[in-house]
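Undergrad: Remember, our numbering sits 75 above the position in the sequence shown when you count from 1. Ideal Cβ positions, reconstructed from N, Cα and C, are used throughout, including at glycine. Model, not experiment: these values are computed from the prediction.
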Amino acid sequence: MTTMVDSFSFRAVNPASSDVIRGTLEASDEAAVIDKLHAQGLVPLDIRPAVTSGLNREIRIGGRRRVRMKPLALFADQLSSLINAGLPLMRSVRVLVDQTDDAPLRTALVAVQHDVETGLSFSAALAKQPEAFPPLMVNLIRVGEAGGFLGDSLKMVADTYRADVELQDKLRAASTYPLVVLIIAMLAVVGMITFIVPIFESMFASMGGDL
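1. Smallest Cα separation from N158: which of R141, P146, E220 and A178?
2. From A151 to K145, what does the alpha carbon distance come to, in whole angstroms?
3. According to the neighbour-count rule (16 or more other Cβ atoms, all chains shown, within 10 Å of its Cβ), is G116 buried or exposed?
4. Using 8 angstroms for Cβ pairs, my map puts L154 next to L229. What's the rounded Cβ distance?
5. To the nearest angstrom, how far is the alpha carbon of T182 from that of M212?
6. Please state the DSSP three-state secondary structure of F150.
7. Could you have a look at T295 and say whether DSSP puts it in helix, strand or coil?
8. Which whole runs of the alpha helix (DSSP H) in the stretch 90 to 132 are 4 residues long or more, in chain order?
9. In the DSSP assignment, what are the bridge partners of S315?
10. Give the secondary structure of V80 by DSSP, where H, G and I count as helix, E and B as strand, and everything else as coil.
11. Report yes if the C-beta distance between L147 and P90 is below 9 angstroms; otherwise report no.
12. Can you tell me whether I268 is buried or exposed, with buried defined as 16 or more other CB within 10 angstroms of its CB?
13. Could you check where the alpha helix (DSSP H) with R141 kicks off and where it finishes?
14. Rounded to whole angstroms, what's the CA-CA distance from F197 to R217? Just pull it up for me.
15. Where does Q243 land, buried or exposed, given buried means 16+ other C-beta within 10 angstroms?
16. Can you tell me whether DSSP reads A207 as helix, strand or coil?
17. Shortest alpha-carbon distance to T175 belongs to which of R166, L149, G98 and Q188?
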């Protein structure tokens with residue numbers, strides 16, 4: 076049996092130098108790409124099919140909007156991977172500030188970076204940016220800081236928000252179907268009133284009766 080091989084573009088960090096490496100690998104799936112990167116001593120930041128079509132979407136949020144759960148989950152997951160790979164906390168944050176595509180998150184992280192450098196703890200600096208980092212995330216990180224398992228706490232944050240995103244997507248899909256059915260039914264009724272009823276009215280009128 077032949078295994079299908081696809082091309083994947085990736086961004087990864089070399090923990091020894093903090094360099095961000097971009098490239099393309101051929102593998103059967105994303106898990107295989109991760110294994111190959113780990114074998115090279117690299118920490119994956121982003122992996123996606125190497126395509127140029129519109130299906131390869133990036134979610135971007137402009138202005139000063141609240142940071143959504145999807146980019147928060149990605150940030151927490153990447154920061155967890157970097158810390159567990161041995162990279163210092165603020166060095167990891169600097170890498171992610173440079174790499175994130177999410178403008179509100181980047182702005183908040185720059186402020187966090189400044190506050191930590193002036194003496195605040197990481198969790199306290201996050202708490203100063205409530206529009207970006209919810210209390211649940213801040214509290215889990217505070218516990219991880221105090222207990223010496225910050226990487227694991229960040230992984231828990233990532234898993235929690237990723238599950239929330241998946242649940243919201245399912246609920247959105249479930250609520251969309253009946254709405255589509257309702258719209259179709261309403262269009263059918265409007266069509267009957269607009270086109271079919273006048274036809275029957277003219278037929279009955281020609282026969283000398285009323286509808």
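TA: In short, the structure shows the following:
1. First, the amino acid is wrong: residue 158 is Ile here, not Asn. Ranking the options by Cα distance to I158, first place goes to E220.
2. 10 angstroms
3. exposed
4. 5 angstroms
5. Each residue's Cα considered, the two are about 18 angstroms apart.
6. helix
7. Lying outside 76 to 286, the shown extent of the chain, residue 295 is not represented and no answer is given.
8. 105 to 114
9. Because the chain in this structure spans residues 76 to 286, residue 315 falls outside the shown range and cannot be described.
10. The DSSP-derived three-state label of V80 is coil.
11. No, these two residues do not count as a Cβ contact at 9 angstroms.
12. Answer is exposed; the Cβ neighbour count stays below 16.
13. Taken as a continuous stretch (DSSP letters only), R141 belongs to no alpha helix (DSSP H), as it is neither H nor E.
14. 8 angstroms
15. exposed
16. coil
17. When only C-alpha atoms are compared, the closest one is L149.
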